[in-house]
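Worksheet: one structure, shown below.
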Amino acid sequence: VAAIQARWDEASSHLAVAQELASSAGDDEAIQARWLEAYLRGGKGDISGALTAAQEALRMAREAGIPELEADCLRLLGGLQRQKSAWDEAQTALQQSLEVSRQQGDMYRQGQATSELGQVHEQRGLAFAHDSAAWAGQAVGAYHSAVALFQKLGAAYDLQLAQTALERVAGT
């Protein structure tokens, strides 16, 4: 909750406790702790440290053969690359997350990756005015797909976020 509410110092304290406990936990808990470390570092603006932690979490997820966590790590990597305006890297990581999620039949994670991909296209369009219409069109397509997935699932919170983003980009 502290991380979601951007209370980074409090969330970091909770993470330290979780990491101590992770040494006696299974692979999935250790991967989730590393993922959370990456998420928190990114929230604090330490993108370099966040990327390192996210890449380590991804390596761990792949070695453990946990595709759900692999998809989550790839999505986080995509979001972190987006934050540093590394558009191609962000898109690649998010497309990989989407593919892993599709292979698992995980519609929720597909929606999350698709929505994040919409953010990459939207922000890329804002950064490059000469291609803004093309990127906005791709963002609309991604957000529309995310809306459809979240509607099917009844994921109200994510649906609201995707609809707001779609309306913002589509101008409706």
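Per the working numbering, residue 112 is the first one in the sequence shown, and the count goes up by one each step. Glycine is no exception: its CB is placed at the ideal position from the N, C-alpha and C atoms.
Residue i to residue j span [Cα, whole Å]
{"i": "residue 148", "j": "residue 139", "result": "14 Å"}
{"i": "residue 221", "j": "residue 124", "result": "31 Å"}
{"i": "residue 231", "j": "residue 195", "result": "11 Å"}
{"i": "residue 155", "j": "residue 121", "result": "12 Å"}
{"i": "residue 213", "j": "residue 179", "result": "11 Å"}
{"i": "residue 187", "j": "residue 257", "result": "17 Å"}
{"i": "residue 207", "j": "residue 275", "result": "25 Å"}
{"i": "residue 269", "j": "residue 241", "result": "31 Å"}
Chain-order list of residues whose beta-carbon lies under 7 Å from that of residue i (same chain, five-residue window excluded)
{"i": "residue 168", "result": "142, 145, 146, 149, 184"}
{"i": "residue 173", "result": "181"}
Member of the options whose CA lies at the smallest distance from the CA of residue i
{"i": "residue 200", "options": "189, 209, 208, 194", "result": "189"}
{"i": "residue 238", "options": "251, 209, 193, 271", "result": "193"}
{"i": "residue 280", "options": "226, 263, 178", "result": "226"}
{"i": "residue 219", "options": "267, 204, 176", "result": "267"}
{"i": "residue 250", "options": "160, 202, 191", "result": "202"}
{"i": "residue 177", "options": "217, 163, 158", "result": "217"}
Sequence-distant residues of its chain with Cβ nearer than 8 Å to residue i (five each side left out)
{"i": "residue 243", "result": "236, 237"}
{"i": "residue 255", "result": "277"}
{"i": "residue 215", "result": "178, 179, 182"}
Distance between beta carbons of residue j and residue i, contact taken as under 8 Å
{"i": "residue 197", "j": "residue 209", "result": "The Cβ separation is near 18 Å, so there is no contact."}
{"i": "residue 272", "j": "residue 253", "result": "About 13 Å; that fails the 8 Å criterion."}
{"i": "residue 247", "j": "residue 211", "result": "In fact, because the Cβ distance is near 27 Å, the residues do not count as touching under 8 Å."}
Same chain, Cβ closer than 6 Å to residue i, neighbours up to 5 away in sequence not counted
{"i": "residue 161", "result": "149, 152, 153, 191"}
{"i": "residue 205", "result": "189, 224, 227, 228"}
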